[in-house]
Structures are given as C-alpha cells and as structure tokens.
Amino acid sequence: MNKKVVVLGGGTGMSTLLRGLKQFPVDITAIVSVSDDGKSTGKIREEFKTPALGDIRRVLASLSETEPLFEKVLNYRFNTNGSFNGHTVGNLLLVAMSEITGSVSTGIESLSSILNLKGKVLPLTEESNNTLVAEMEDGNIIEGEHNITNYDGAIKSVWFKDKTEVTKESIKAIKEADLIILSMGSLYTSIIPTLICKEIKDAIDAGKGKVLYVCNMMTQPGETDNFKVSDHVKVLNKYLGKKKISTVIANKGFISKTLSERYHTLEQKDPVLFDEEELKKLNVKIIAENFVTIEEEWLRHDVIKVSLHIFSCLL
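For the sequence shown, the working numbering gives the first residue as 176, with consecutive numbering after it.
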C-alpha cells in the first residue's frame with residue numbers, strides 16, 4: 176500500500192510540486208487554500224458566492240492524467256470585450272459542477288473522476304467568506320488577498336476575517352498522513368492560510384506524519400523580501416502548533432547573475448540564500464541540492480528531483 180502524503184498550499188508553487196510528486200507511488204491529497212479574490216476567481220466568488228476556485232483548477236490540471244489538450248482547455252482564459260473576459264474555462268466548469276452536485280467538494284470529486292486524477296483535491300473550506308486579512312509592518316490593516324499582494328509594504332501577520340470551518344475530509348486526511356508537506360509558494364498568501372485554522376494545527380499535532388517544507392528559490396515582494404531559508408522556516412513554525420517543521424528541502428544550486436538581475440528588475444525578486452548554519456540551530460533535517468532548472472528563460476524547481484527526495488523520506 177502506498178504511503179499517504181498531504182500537500183498544503185496553493186498557487187503555481189503547489190501545482191508545480193504536484194506535477195513531480197504524481198510520478199511517484201504515493202497516495203496524494205492536496206488541501207488547497209481558497210482565499211484568492213483576484214481576476215476571474217474574484218469575479219466568480221462575488222457572483223456565485225463560492226470559495227476561490229483558481230488554485231483548485233491549477234491543482235486539478237497538474238494532477239490530471241488525461242490528454243495535455245484538456246489541461247490547456249481547463250486553463251484557457253477568454254480574451255473578449257464582453258462579460259467572459261478574463262474568465263478561465265476551468266473556473267466556470269468548477270462552478271457548474273459545484274451547483275449540479277450541491278457543494279464545491281463534491282463538484283471537485285466529480286470533475287476529478289473525469290480528469291482521471293492521480294490524487295485527491297480538497298478545498299480548505301467550503302465557505303465563500305474566508306477573507307484573508309493582513310497587518311502590515313507599517314501598522315495598516317488590509318483586507319483581501321488581492322489587496323494584500325498589491326500593497327506596497329511588508330506583511331507582519333495574517334488571519335481570516337471570520338471564523339473559517341475547515342472541511343472534515345481535510346482534517347481526516349491530515350490525521351492519516353504519513354507525511355505533511357508545506358509546498359513552495361507565496362508564504363503569507365498561499366501557504367500560511369492553510370495553517371491559520373486551529374483545526375488544521377490540531378490535526379497536524381494529532382497525526383503521525385512529520386512536517387516537511389519545500390522552500391522557495393526566490394523571494395517575493397512584500398512577503399519575503401531579504402528572507403533566507405531559515406526565515407521561511409521560522410515564520411511557518413510560528414503558525415504551526417506543537418509539531419514544527421522537521422525537514423526542509425532547499426536549493427543550494429547556482430543562479431546566474433544575469434538571471435538574478437532579470438528577476439530583480441522585472442519582479443523585484445532575489446534568490447533565497449541557503450543559510451545552513453542558522454538552519455542547524457532550528458533542529459531540522461536539511462536536504463539541500465541543486466534544484467535549479469530553466470524553462471523558457473525562467474527559473475523553476477526540478478520537481479522530479481525534489482519529489483525523489485520527498486519519496487525517500489517515506490522509505
């Protein structure tokens with residue numbers, strides 16, 4: 176029987192990791208943050224009163240074993256002068272399936288069978304009002320993930336505006352997991368939202384699975400400016416319960432000056448420094464290697480190599 180792995184997160188970081196992890200004999204459950212409120216997702220949340228569907232769509236596409244063309248269909252974004260402008264086919268399909276089946280979770284489950292998914296996808300919550308709130312370093316309180324991301328300033332802490340009820344399936348999956356993975360991705364707006372709720376922390380503490388974190392290779396403006404690997408771990412440990420991160424996977428591969436300057440100029444991002452000595456003080460197992468790969472002139476994790484290390488932690 177395959178070992179059970181739960182991946183917590185959202186955004187492109189989570190979907191990228193899952194593309195690699197699905198190549199290995201593990202039982203995957205992806206618990207997806209649903210607090211995004213920008214672009215197509217934000218419009219659909221407002222009109223149909225659903226949790227955010229964009230990251231769920233990306234995860235479904237990444238775990239799908241169907242034809243690549245169907246993945247393109249899911250992620251296809253309309254470009255028109257009408258009301259469909261900016262919407263993706265996958266988001267609209269998820270709304271339709273949710274309304275037909277009666278809930279977002281059952282809608283995802285039904286669509287998963289059509290897509291021949293290698294794993295299970297669960298929303299963190301079914302609630303549509305899970306608004307993310309942040310206190311910024313300058314003292315301002317900002318509501319809404321989209322507004323937080325676009326704010327010109329650093330984040331101090333985040334929480335949900337209202338009490339958020341976590342899906343029962345998510346709690347069960349975490350308690351039964353052999354390994355809990357915090358995916359690479361936006362620290363305060365993708366990863367931490369899955370750790371805010373007390374039920375999640377309690378489930379992690381109650382379960383047998385250790386916590387593994389795959390660290391980002393680049394910083395993110397307003398979220399992790401000047402962060403080293405140890406800074407990511409320290410922040411995540413603040414949001415976890417009694418059980419802290421036991422293993423961290425981090426890049427120590429070379430990132431060229433040209434590529435670093437390109438990221439800094441275009442996206443105000445810089446390489447996350449691997450500070451081994453500081454990490455050792457945090458009592459974590461360190462898996463550090465060259466995980467750098469370049470796709471169409473952009474930096475990416477070698478997710479097969481990352482996933483191989485994750486799989487080795489289960490042996």
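Even for Gly, the Cβ is constructed at its ideal location relative to N, Cα and C. These figures come from a predicted structure and were not determined experimentally.
Pick from the options: whose alpha carbon is nearest that of residue i?
i	options	result
Ser358	Met176, Lys338, Ala205 and His439	Ala205
Asp212	Thr468, Glu274 and Ile323	Ile323
Glu464	Asp377, Thr433 and Val389	Val389
Val207	Gly261, Phe245, Val279 and Glu240	Val279
Tyr438	Lys409, Leu474, Asp406 and Val234	Leu474
Leu238	Ser487, Gly428 and Ser288	Ser288
Leu249	Ile231, Ser258 and Asn260	Ile231
Glu470	Lys456, Leu457, Leu434 and Glu274	Leu434
Val423	Lys455, Met393 and Glu344	Lys455
When the Cα atoms are used, what is the spatial distance from residue i to residue j?
i	j	result
Lys178	Gly328	41 Å
Leu299	Ile461	28 Å
Ile349	Ile203	11 Å
Lys419	Phe253	42 Å
Thr342	Thr468	36 Å
Glu472	Phe466	15 Å
Val270	Thr216	11 Å
Ile430	Asp400	17 Å
Val308	Pro396	17 Å
Leu415	Asp477	27 Å
Gly382	Ile375	11 Å
Ala227	Leu354	26 Å
Glu284	Ser361	26 Å
Val333	Asn315	12 Å
Lys199	Ser303	Here the sequence assigns Phe to residue 199, which means Lys is not the residue at that position. Looking at the two C-alpha atoms, the distance is approximately 34 Å.
Glu436	Ala236	32 Å
Glu310	Ile317	6 Å
His262	Leu489	39 Å
Thr281	Val481	31 Å
Gly428	Gly384	29 Å
Ile366	Val209	11 Å
Please classify residue i: is it buried, with 16 or more other beta-carbons within 10 angstroms of its beta-carbon, or exposed?
i	result
Glu452	exposed
Gln443	exposed
Ser514	Because the chain in this structure spans residues 176 to 490, residue 514 falls outside the shown range and cannot be described.
Thr339	buried
Gly277	exposed
Lys413	exposed
Glu320	buried
Asp313	exposed
Pro446	buried
Tyr363	buried
Thr440	exposed
Ser405	buried
Asn391	buried
Pro368	buried
Leu244	exposed
Gly229	buried
Ser487	exposed
Asn266	buried
Lys224	exposed
Ile346	buried
Asn305	buried
Per DSSP, residue i is paired with what?
i	result
Met393	Pro446
His476	Val467
Leu307	Phe335
Thr300	Val341
Arg252	Thr263
Tyr388	Leu357 and Val423
Lys295	Thr204
Mind checking if residue i is an interface residue toward chain D, Cβ cutoff 8 Å exclusive?
i	result
Glu320	No chain D appears in the structure shown, which is made up of a single protein chain.
Could you tell me whether any non-hydrogen atom of the ligand NAP is closer than 7 Å to the CB of residue i?
i	result
Lys383	Of the ligands one can find in the structure shown there are none, so the ligand NAP has no counterpart to examine.
Query raised in the report: If you scan the segment 322-357 from start to end, which runs of the beta strand (DSSP E) of 3 or more residues do you find wholly inside it?
Result: Within the segment 322-357, the complete beta strand (DSSP E) segments of 3 residues or longer fall at 330-335 and 354-357, listed in chain order.
Query raised in the report: Which ranges does the beta strand (DSSP E) cover as unbroken runs of at least 3 residues, wholly within the segment 177-238, from first to last along the chain?
Result: The qualifying runs are 178-184 and 201-207.
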